[in-house]
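Engineer:
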Amino acid sequence: MKNNAVLQVGPLMPIVQDSILSDYGAVRLPDSVRERENFLRLNGESFEIAVTSGKVGVGPELMRALPNLRAVINFGVGYDTTDMAQAADRGIAVSNTPDVLNDCVADTAIALYLDVLRRISASDRFVRRGDWLSKGNFPLATKASGKRVGILGLGRIGRVIARRLEGFDCDISYHSRNPVEGVSYRYEASPRELAADCDVLIVAAAGGPDSAKLVDVEVLNALGPEGYLINIARGSVVDEEALVAALLAGRLAGAGLDVFADEPKVPEDLLALDNVVLLPHLGSGTHETRTAMAELTLANLRSFITTGSMLTAVQL
Numbered sequence: 015m016k017n018n019a020v021l022q023v024g025p026l027m028p029i030v031q032d033s034i035l036s037d038y039g040a041v042r043l044p045d046s047v048r049e050r051e052n053f054l055r056l057n058g059e060s061f062e063i064a065v066t067s068g069k070v071g072v073g074p075e076l077m078r079a080l081p082n083l084r085a086v087i088n089f090g091v092g093y094d095t096t097d098m099a100q101a102a103d104r105g106i107a108v109s110n111t112p113d114v115l116n117d118c119v120a121d122t123a124i125a126l127y128l129d130v131l132r133r134i135s136a137s138d139r140f141v142r143r144g145d146w147l148s149k150g151n152f153p154l155a156t157k158a159s160g161k162r163v164g165i166l167g168l169g170r171i172g173r174v175i176a177r178r179l180e181g182f183d184c185d186i187s188y189h190s191r192n193p194v195e196g197v198s199y200r201y202e203a204s205p206r207e208l209a210a211d212c213d214v215l216i217v218a219a220a221g222g223p224d225s226a227k228l229v230d231v232e233v234l235n236a237l238g239p240e241g242y243l244i245n246i247a248r249g250s251v252v253d254e255e256a257l258v259a260a261l262l263a264g265r266l267a268g269a270g271l272d273v274f275a276d277e278p279k280v281p282e283d284l285l286a287l288d289n290v291v292l293l294p295h296l297g298s299g300t301h302e303t304r305t306a307m308a309e310l311t312l313a314n315l316r317s318f319i320t321t322g323s324m325l326t327a328v329q330l
């Protein structure tokens, strides 16, 4: 393989970035639009492999500018930022890093679940402001155990979340494209029916065009003024404007959000709401998990270069 065959698209963990540079002579795609266009015009035909992240991906325009692209090696479980339709048409292989981040993302979902219902972050702010001294006791919160919890997307991460919730004696239901074999949880035929049958809706569905705004006004209304929404999936899966409107109007009890529609931008209205917990997309953000993701990313790259196949290829 020629030295310039690997293209780095967007920032990567130092361990990945250093390895692809030293071992494969990777070249980083310029960040500025003008530099990028000129770079691709001169060098686009040179690259056979793109190494990127779920946050950045290889979109339609960039993929077209890489006529000899054979593989997209993705750091992250999500790949909705990569043009999967074009990849399928051109026979471009795509990999991601599944399984190694299941535990930490599920832990984040449970942390948000507990925080929002028990109002942990809100009560922390209450103490720090001195309100305990000046106003007395913090208002009562909501019990977390024994709740009816609906999981939208019972994939790898969704199933780990469900197992965590069993420890809280929760009544668990779910909706996926099809019923999942081998689970005892109750299947609901639509997102709206799932929301109507639960106290807390946890969004764990994959991103992409097929799931865009899957949680819409109808679903939020079915969840109702005593319902809570937790999203650790992708911001695109929830109609963010409808969510903000429901929270402002009191048509939803609260929300815990690790993801947003236009990251890192967060709707300003959410910042002032005490019944909403906001995280900066850190679901898998632990040293252990990110290291495992980096190792799997590099293993996929090595495997493709040496064998032409990947360890964790996405089914196109």
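Residue numbers (my numbering): 15 to 330.
Glycine included, C-beta positions come from ideal geometry on N, C-alpha and C.
Only a predicted model underlies this, so the values are computations on that prediction, with no experimental measurement involved.
In terms of residue numbering, what span does the alpha helix (DSSP H) encompassing D301 cover?
Structural biologist: Reading off the sequence shown, one finds His at residue 301, where the question assumed Asp. Where H301 is concerned, the enclosing alpha helix (DSSP H) stretches over H301 to T321.
Engineer: Which word fits E195, buried or exposed, when buried means at least 16 other C-beta atoms lie within 10 angstroms of its C-beta?
Structural biologist: exposed
Engineer: Are the beta-carbon atoms of V91 and V23 separated by less than 8 Å?
Structural biologist: no
Engineer: Between the stretch 295-309 and the stretch 319-326, can you find at least three pairs of beta-carbon atoms closer than 8 Å?
Structural biologist: no
Engineer: Taking all protein chains shown into account, decide if G181 is buried (16 or more other Cβ within 10 angstroms of its Cβ) or exposed.
Structural biologist: exposed
Engineer: Between A123, T111, V258 and E59, which lies nearest to R84 when the distance is taken from Cα to Cα?
Structural biologist: E59
Engineer: Which one of V130, P74, M27 and G105 has the shortest CA to CA distance from D288?
Structural biologist: V130
Engineer: Would you mind working out which of I165, D183, G249 and M98 sits nearest L237, comparing C-alpha positions?
Structural biologist: I165
Engineer: Using the beta-carbon count (16 or more within 10 Å), is D147 buried or exposed?
Structural biologist: First, the amino acid is wrong: residue 147 is Leu here, not Asp. So L147 counts as exposed.
Engineer: Give the list of continuous alpha helix (DSSP H) stretches no shorter than 4 residues that lie fully inside the stretch 130-188.
Structural biologist: 134-142, 145-149 and 170-180
Engineer: Closest to T7 by C-alpha separation, out of Y127, N151, D113 and L56, would be which residue?
Structural biologist: Within the shown structure, residues of the chain are numbered from 15 to 330, placing residue 7 beyond reach of any answer.
Engineer: Note down the Cα distance separating A209 from R265, rounded to an integer number of angstroms.
Structural biologist: 13 Å
Engineer: Per the contact definition of three or more C-beta pairs closer than 8 Å, is the stretch 236-255 in contact with the stretch 270-287?
Structural biologist: yes
Engineer: For G268, which residues does DSSP report across the bridge?
Structural biologist: Y242
Engineer: When you compare each of V290, G68, L292 and G73 to A220 by their alpha carbons, which one comes out closest?
Structural biologist: Relative to A220, the option among V290, G68, L292 and G73 whose CA is nearest is G68.
Engineer: Report the residue from V20, L126, H301 and T326 whose alpha carbon sits nearest the alpha carbon of L292.
Structural biologist: L126
Engineer: Taking only three categories from DSSP, how would you classify V86?
Structural biologist: It is a strand residue.
Engineer: Give me the Cα-Cα distance between C184 and I34, rounded to the nearest whole angstrom.
Structural biologist: Between C184 and I34, the C-alpha separation is close to 45 Å.
Engineer: Got a sec, what are the start and stop residues for the beta strand (DSSP E) I106 sits in?
Structural biologist: Element bounds for I106: n/a, residue is neither H nor E.
Engineer: Look up T66 in the DSSP assignment and give the residues it is bridged to.
Structural biologist: N88
Engineer: Using only the alpha-carbon positions, how far apart do M15 and C212 sit?
Structural biologist: Its pLDDT being 47, under 50, M15 is placed unreliably in this model, and the value from its coordinates should be taken loosely. In a straight line, the C-alpha of M15 is about 54 Å away from that of C212.
Engineer: Terminal residues of the continuous beta strand (DSSP E) containing Q31?
Structural biologist: No beta strand (DSSP E) contains Q31, which is instead part of the alpha helix (DSSP H) from P28 to Y38.
Engineer: Quick check on G249: buried or exposed, where buried means 16 or more other Cβ atoms within 10 Å of its Cβ?
Structural biologist: buried
Engineer: Report yes if the CB atom of E240 is closer than 8 Å to the CB atom of A267, and no otherwise.
Structural biologist: yes
Engineer: Buried or exposed: which applies to T305, given that a residue is buried once 16 or more other Cβ atoms fall within 10 Å of its Cβ?
Structural biologist: Flag for T305 reads exposed.
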